[in-house]
């Protein structure tokens, strides 16, 4: 069985970097890679309704160059990254980005989305670009985000920030196991706590379940850490830098925690999201 992976592309340097990263990360895995480009819908004013032929020509003029870019990208991949384990297919659609993503996930039985992101464009912009942010929160499919300029290296240290407020289902644990199996890395579970605050009974049970699972599957490759800090982002930033973390794993179900990490940060305070790939798990 081949793993079906969707790679949305806008033909940018960041999108190409995501392709480079993923073909190396899954080098020994049989995969079907679907490169998807979505051309935006053009809105016409009522006054142009009568110019149907003109409209059709203008739409075609907008679409044809992007189709050529997609074909050129596929040819470039075949030349640079020829791999008997990998098949690449191009998909060009005209419509809304998220709708196209969701449609192709169903039609192609996609198991994973890979996205390159350029991050923030201004000092007070949120870390995650709008398309990547929408996919993470609104599309129920595991997603690996490759930030701008990240060069591939086999992840040795993988961080898993969690507040232990969710139950770690089979699908969550299976996704973590797959990632760690591919890179043979170490997983570092980290919890950020305010001084004097204790875990609830539910949190303790969830932590114990995760602890038992990892000690059974990866007995020598896991560790649990509690960091005392009022600010979740600062704590994670410090942890990622001090342990030379190569990848961060998060669970989308834990949305409040995820949003604290990804969407409420200012660029001048948090920078690790622009240099470390992160994997978001959906159930």
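Numbering (the working numbering), first residue to last: 1154 to 1436.
Note that beta-carbon positions come from the ideal geometry of N, C-alpha and C, so glycine has one too.
Small disclaimer: the values here were computed from a predicted structure and weren't measured.
Cut-off 7 Å between Cβ atoms - residues of its own chain near residue i, not counting five sequence neighbours on either side
i            : result
residue 1257 : 1159, 1187, 1189, 1244 and 1263
residue 1168 : 1162 and 1269
Integer-rounded CB distance, given that residue j should sit under 8 Å from residue i
i            : j            : result
residue 1402 : residue 1298 : No, residue 1402 and residue 1298 are not in contact; Cβ-Cβ is about 11 Å, not under 8 Å.
residue 1345 : residue 1385 : 5 Å
Beta carbon of residue i nearer than 7 Å to that of residue j
i            : j            : result
residue 1265 : residue 1295 : yes
residue 1398 : residue 1310 : yes
residue 1238 : residue 1185 : no
residue 1436 : residue 1261 : no
residue 1192 : residue 1247 : yes
residue 1375 : residue 1363 : no
residue 1381 : residue 1348 : yes
Terminal residues of the alpha helix (DSSP H) in which residue i lies
i            : result
residue 1329 : 1323 to 1336
residue 1259 : 1250 to 1260
residue 1367 : 1354 to 1370
residue 1306 : From DSSP, residue 1306 is part of no alpha helix (DSSP H); its letter is neither H nor E.
residue 1312 : Per DSSP, residue 1312 belongs to no alpha helix (DSSP H); it is in the beta strand (DSSP E), 1310 to 1314.
First and last residue of the uninterrupted beta strand (DSSP E) at residue i
i            : result
residue 1319 : First-last for residue 1319: undefined, no H or E at that position.
residue 1184 : 1184 to 1192
Close-in-space but distant-in-sequence residues of the same chain around residue i (CB under 8 Å, 5 per side omitted)
i            : result
residue 1251 : 1287, 1288, 1291 and 1292
residue 1210 : Here residue 1210 scores only 48 on pLDDT, less than 50, and its place in the model is too uncertain to base an answer on.
residue 1204 : Residue confidence is low: residue 1204 scores 46 on pLDDT, short of 50, so the model does not pin down where it sits. No coordinate-derived value is stated.
Residue i versus the options, residue with shortest Cα-Cα distance
i            : options                   : result
residue 1315 : 1157, 1154, 1336 and 1360 : 1360
residue 1428 : 1400, 1435 and 1436       : 1400
residue 1338 : 1165, 1259, 1377 and 1308 : 1308
residue 1157 : 1285, 1259, 1329 and 1301 : 1259
residue 1177 : 1382, 1223, 1303 and 1353 : 1303
residue 1166 : 1221, 1193, 1226 and 1155 : 1226
residue 1379 : 1249, 1388, 1433 and 1395 : 1388
residue 1220 : 1234, 1235, 1231 and 1242 : 1242
residue 1173 : 1342, 1255, 1370 and 1267 : 1267
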